[in-house]
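In this note's numbering, the protein residues as written are 2 to 219.
Every residue gets a Cβ at the ideal spot worked out from N, C-alpha and C, and that includes glycine.
Below is one structure, written out as structure tokens, with a few remarks after it.
Right under this line is the structure:
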């Protein structure tokens with residue numbers, strides 16, 4: 002048989018009360034962290050020309066400390082006392098990586114696209130190669146790159162405007178910047194072009210996707 006303790010249960014105590022924290026205690030200090038982003042050789046000259054445009058957003062918007070390591074050919078960033086956001090270091094690294102991959106090629110519009118990475122939380126970078134989709138060599142590879150770019154860049158601009166992304170073609174590598182859903186739309190269109198679909202068919206699919214996006218926005 003189960004024995005029952007005859008002693009009465011303790012009365013529920015009232016919730017404890019604590020004094021309010023001072024304002025200085027609410028401001029948590031972030032641990033100092035450093036990130037090193039390699040810069041390709043062909044981007045060293047542009048980064049020297051646009052150094053003020055790169056340095057200012059990282060220090061003013063994110064409160065990071067920045068320096069250029071010429072010997073290692075990399076840009077080093079670290080948190081400081083002025084850094085208040087936890088994800089500031091990662092945002093700064095993505096910003097520099099976007100510039101290193103080829104975004105903002107001598108155009109202030111593209112530079113503003115890279116700066117958007119600092120202000121928005123739903124922008125991402127996606128990179129892949131043509132050989133990841135289909136193994137091509139020689140003229141077949143050149144034609145695939147030509148289908149993606151189009152005449153005077155028409156196909157590339159159409160995919161960018163329809164999917165609201167930014168695309169950089171770097172030889173056989175493709176870099177896409179945008180939101181997660183928009184990157185998927187642009188990547189599907191580029192994959193279709195690599196596999197041999199004619200641009201007209203891809204345009205029709207993009208028009209359908211664009212109309213659906215407009216309907217969802219309403």
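Closest to residue i by C-alpha separation, out of the options, would be which residue?
{"i": "residue 33", "options": "90, 74 and 168", "result": "90"}
{"i": "residue 45", "options": "74, 67 and 18", "result": "74"}
{"i": "residue 71", "options": "186, 158, 157 and 41", "result": "41"}
{"i": "residue 84", "options": "123, 186, 59 and 104", "result": "59"}
{"i": "residue 123", "options": "149, 212, 184 and 139", "result": "184"}
{"i": "residue 104", "options": "80, 151 and 43", "result": "43"}
{"i": "residue 162", "options": "139, 212 and 138", "result": "212"}
{"i": "residue 47", "options": "215, 138, 139 and 102", "result": "102"}
{"i": "residue 197", "options": "137, 88 and 49", "result": "137"}
So, is residue i buried or exposed, given that buried needs 16 or more other C-beta atoms within 10 angstroms?
{"i": "residue 200", "result": "buried"}
{"i": "residue 143", "result": "exposed"}
{"i": "residue 203", "result": "buried"}
{"i": "residue 35", "result": "exposed"}
{"i": "residue 61", "result": "exposed"}
{"i": "residue 167", "result": "buried"}
{"i": "residue 209", "result": "exposed"}
{"i": "residue 19", "result": "exposed"}
{"i": "residue 188", "result": "buried"}
{"i": "residue 21", "result": "exposed"}
{"i": "residue 171", "result": "exposed"}
{"i": "residue 158", "result": "exposed"}
{"i": "residue 190", "result": "buried"}
{"i": "residue 95", "result": "buried"}
What span of residues does the alpha helix (DSSP H) with residue i cover, start to end?
{"i": "residue 188", "result": "181-195"}
{"i": "residue 87", "result": "Run containing residue 87: none; DSSP gives neither H nor E here."}
{"i": "residue 137", "result": "Element bounds for residue 137: n/a, residue is neither H nor E."}
{"i": "residue 62", "result": "Neither: residue 62 is in no alpha helix (DSSP H) and is coded neither H nor E."}
{"i": "residue 19", "result": "Neither: residue 19 is in no alpha helix (DSSP H) and is coded neither H nor E."}
{"i": "residue 198", "result": "Segment: none, residue 198 is in no alpha helix (DSSP H) and carries neither H nor E."}
{"i": "residue 158", "result": "155-164"}
Within the same chain, show all residues whose beta-carbon is closer than 6 Å to that of residue i, passing over the 5 residues directly before and after it, in chain order.
{"i": "residue 37", "result": "75 and 77"}
{"i": "residue 195", "result": "131, 134, 135 and 145"}
{"i": "residue 128", "result": "176"}
{"i": "residue 97", "result": "38 and 76"}
{"i": "residue 69", "result": "76"}
{"i": "residue 160", "result": "187 and 190"}
Given residue i, which residues of its chain have a CB within under 8 Å of its CB, disregarding the five upstream and five downstream residues?
{"i": "residue 147", "result": "none"}
{"i": "residue 56", "result": "67"}
{"i": "residue 193", "result": "202, 203 and 206"}
{"i": "residue 150", "result": "156, 157 and 170"}
{"i": "residue 173", "result": "130, 131, 132, 142 and 146"}
{"i": "residue 79", "result": "33, 34, 35, 36, 65, 66 and 90"}
Quick one: measure Cβ to Cβ for residue i and residue j, integer angstroms, because I've assumed they're closer than 8 Å.
{"i": "residue 179", "j": "residue 165", "result": "6 Å"}
{"i": "residue 125", "j": "residue 181", "result": "6 Å"}
Name the two residues that bound the continuous beta strand (DSSP E) containing residue i.
{"i": "residue 128", "result": "125-130"}
{"i": "residue 35", "result": "35-39"}
{"i": "residue 171", "result": "167-171"}
If I measure Cβ to Cβ from residue i and keep anything under 7 Å in the same chain, skipping five residues before and after, which residues do I get?
{"i": "residue 81", "result": "64, 65 and 66"}
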